[in-house]
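What follows is one structure encoded as C-alpha cells, with my remarks underneath.
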Amino acid sequence: MKILVAIARTPDTTAPIDFVDDGKKYKEEGVQFIINPYDEFALAKAMDLKDERQDVEVTVISVDSNKADQLLRKALAIGADKAVRIDVEPEDAWQAAGEIVEWLKKSGEQFDLIFTGKETINYNGGLVGGYIASLLGYTYIPETYKLNITDDGKLDIVREIEGGRVFLKADMPAVITAVEYLAEPRLPSMRGIMQARTKPFSVEQPAGIEPLTTTVKHYLPPKRKECKLIDPENIEELVEILHKEIKVI
Amino acid sequence: MAVIVYTEHEDGKVKRSSYELTAYASELAKQFNAGPVVAVTFGNVADSELAALGKVGAEKVINFQGEGTDQVDPKLFFDNLKTLLDDTSPKFVVFGANNSGRALAPLVSAHLKYGLVPGVVELPREENGKLIFKKNAYSGKAFADYQVNTDGAVIMLMRNSFDYELGEGTAQVEVRQISGDRAYNIERVEKATGKVPLTEADVVVSGGRGMKGPENWHLLEELAEELGAALACSKPVSDMGWRPHTEHVGQTGLTIRPTLYIAVGISGAIQHLAGVSGSRYIIAINKDPEAPIFKACDYGVVADLFEVVPKLTKAIREFKEKQAGG
C-alpha cells in the first residue's frame, strides 16, 4: 500500500506574527518553522499504518522552496520512506494541489491514500485535500478523527463534525484530512536521523500551475481596548453590562 | 447569472448561520448586480421554513431530498450541486466556514475554476477590476486581503461576520430528488451533548485548567443554561479528557466568533486566543491577575472562579426573574 503525505511549512505556534514587504509577506526572520501541526497528525497516522502493516510505503511531499528541506528531512527521520519537494512557494491552495497532481501524473506514481492536515495554521484554508481529491477523482474524507483499515481493505473512519461524530466506511483510493488526535505525533529517533540521510529525496521542477487567488496584504487585528476589571464583590455590575452593553440577557 | 448559497437546517429549523449566509449572498447580488439569490439545502425540512429565507433576500430555495441527504457526502452532494452550477453560471457561491463548507467548497471551486477564499469576514471590494476579500489568517492572529484572480468567486464566510435584519419576502421552494452515488457509507452519527451547537452559539462559556476537574463542570453548565450558551474548553482540558475534543477551541481546535465569549479558569495562551479573538466581547474570570487573558478581554474578574461563577449565575437568574416579573 502506498501513502502520500502532503506537508506544509508553517511558523511555530508560538511565533510572533508580523509582516514585511507592505504586509504581503510574513516576517520569517528569526522564526522557527515547523511541519504544520495538522500535517504532523497526518504523518503520524501514516507511520502508525506502516507499523501495523508490512506493505506500507510512505512518501512525503511539499510544494515549497528549499526552506522546507529540513522539514522533509525530519519527516524522513520520523520514518517516511521518500521525500519529494516541488520547487515553488505556492501562492494559494489551488497552485499547491495542482502541482502535486501534476507531479503524480508525470511520475506515474499512484497512491492508495493521500493524507494531509485539515488546514494550515497560517492560511487556514483546508482546501488542498479537497482540490487533490477533486482533480484525481478520489474519495474525499475531510476532518478525520479516527481511521482503521479493515481486513477486507475498507477504510473504517470517524469524522468530527460540528455537533458530533460520523462513523463511516469508504473505499480507497481516498484523500483524508487529519484533525487533532488522529494519531500521536512522533519525534525522530537518532537512528531515524541517521537513516534519513540515505533515503531518496528528489526536487522537482514545478509544472507552472497558476494560482486562483493572490495574497495582497496581511494586517494585525485591532487591539482590544484595555480590560476593565469588575469587582467580584459587585458582580451585579457585570450583569448590567451583559444586559445593557452586550445585550445577551 | 446567480448567487448560490449553501444553507443548512437542524431539528426542522433553518440554522441562524444560514440566514447570515443568505443575507450576505443577497448583498453580494445587489452590489455586483449578480442576479437572483438561489439557496440550496439538502434533507427534509418544511417548505415554510425554507420560504422564510426570502426575508433575507433568497428568491428561490432548491431543496434536495431523498436517501443520503441528512449527512453531508461530498460526492453525492457535489454531483447534485454541479447540475445547478452548470444551469445557473453563478458569479458567487457562498458557503459557511464550517465542516460542510470545507467538504464541498473546494470541489465547487475546482469545478468552476473560481478562486476560493476561506474564512471571509466582510463583503468584498473591487480594485482594478479584481475582487478583494478580507479573510481570517494565522488562526485568528491576523487578517489577510485575498485577491481573486477569476471572474467569479467561491466564498466561505466566518460566522458572525455580517449583520443583517429580517425583511419581508417569501422564497419560492423547489423540491428535487437527489440522485447519484455516495462517496461513502455512513453507518451512524453520534450527536454531541449540549443543547446549543458551539459554532452556532451567540454566547459561549468556556473552561480551562483552572476548573480543576470534569466534576466541576456543572458550574459552567449552570451559567451556560442561564445565558443560553454553548460550552467550550481549552486544549489542556480536552487533552486530559475532561471534556470532548469537539468542545476544544483554539489554534488546533475550533475557531469561533460568538457575540460573547466567557473564559473561566483559562490563562489565555496565544494558541487559545487565536481561536476566540474574533469574539465581539470577551469576559475573563481568573484568579491570577497576571494571566495573559486579561490583556485580551473586555471585562475581567480577578477572583476564585469557584466562588464567583455561582454568584454570577445566581445574579443573572435573579436579574432575569426581575425582568420577567417587572
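From first to last, the protein sequence lines are chains A and B.
Using the working numbering, the first residue of the first sequence is number 176, and each one after it goes up by one.
Using the working numbering, the first residue of the second sequence is number 1064, and each one after it goes up by one.
Beta carbons: idealized from backbone N, C-alpha and C, even for Gly.
Computed from a prediction, not measured in an experiment: that's the story for all the values here.
| Item | Value |
| --- | --- |
| Tell me which residue opens and which closes the beta strand (DSSP E) that residue 413 of chain A is part of. | Segment 411-419 is the alpha helix (DSSP H) holding residue 413 of chain A; no beta strand (DSSP E) there. |
| I want to see whether chain B comes within less than 8 Å of residue 335 of chain A, judged by CB atoms only; does it? | yes |
| Whole angstroms are fine: how far does the CA of residue 334 of chain A sit from the CA of residue 351 of chain A? | 10 Å |
| Along the stretch 289-315 of chain A, what residues have a CB closer than 7 Å to any CB found in chain B? | 296, 297, 298, 299, 300, 301, 302, 305, 306, 309, 310, 314, 315 |
| In whole angstroms, give me the CA-to-CA distance for residue 1361 of chain B and residue 401 of chain A. | 7 Å |
| Which bits of chain B does residue 212 of chain A rub up against, with CB to CB less than 9 Å? | 1314, 1315 |
| Between which residues of its own chain and residue 394 of chain A is the CB-CB distance below 7 Å, once the five residues before and five after are set aside? | 198 |
| I'd like to know whether the C-beta atoms of residue 1283 of chain B and residue 1327 of chain B end up nearer to each other than 8 Å. | yes |
| Identify whether residue 1227 of chain B lies in helix, strand or coil by the three-state DSSP scheme. | coil |
| By the DSSP assignment, the beta strand (DSSP E) with residue 218 of chain A in it spans what residues? | Run containing residue 218 of chain A: none in the beta strand (DSSP E); it sits in the alpha helix (DSSP H), 212-227. |
| Can you say whether residue 1321 of chain B is buried or exposed, counting buried as having 16 or more other CB atoms within 10 angstroms of its CB? | buried |
| Using beta-carbon positions only, say whether residue 236 of chain A and residue 183 of chain A come within less than 8 Å of one another. | no |
| Residues bridged to residue 1126 of chain B by DSSP? | B/1104, B/1238 |
| Is it a yes or a no for the stretch 1229-1248 of chain B touching the stretch 1121-1135 of chain B, going by three-plus beta-carbon pairs under 8 Å? | yes |
| Go ahead and pull the three-state DSSP assignment for residue 299 of chain A. | coil |
| So which residues of chain B does residue 342 of chain A contact, with C-beta pairs closer than 9 Å? | 1249, 1250, 1251, 1252, 1253 |
| For residue 1253 of chain B, which residues does DSSP report across the bridge? | A/340 |
| Residue 1324 of chain B versus chain A: which residues are under 9 Å apart at the beta carbon? | Going along chain A, no residue has its Cβ under 9 Å from residue 1324 of chain B, so there is no contact; the nearest lies around 11 Å. |
| For residue 313 of chain A, name the three-state secondary structure that DSSP assigns. | coil |
| For a cutoff of 8 Å on Cβ pairs, would you count residue 209 of chain A as touching chain E? | No chain E is present in this structure, whose protein chains are A and B. |
| Would the stretch 1172-1188 of chain B and the stretch 287-302 of chain A be scored as touching if the rule is three or more Cβ pairs under 8 Å? | yes |
| What residues of chain A sit near residue 1235 of chain B, judged by a beta carbon separation below 9 Å? | What residue 1235 of chain B touches in chain A: nothing, since even the nearest Cβ is about 29 Å away. |
| With a CB to CB cut of under 6 Å and the five nearest residues on each side skipped, what residues in its chain are close to residue 266 of chain A? | 386, 389 |
| Between residue 279 of chain A and chain B, is any beta-carbon pair separated by less than 8 Å? | no |
| So if I threshold CB-CB distances at 7 Å, which residues from the stretch 178-191 of chain A count as touching chain B? | 188, 189 |
| Could you tell me whether the Cβ of residue 423 of chain A comes closer than 8 Å to any Cβ of chain B? | yes |
| For the stretch 1206-1220 of chain B against the stretch 1107-1125 of chain B, are there 3 or more C-beta pairs whose distance is under 8 Å? | no |
| Which same chain residues, not among the five before or five after residue 1145 of chain B, have their C-beta less than 7 Å away from its C-beta? | 1174 |
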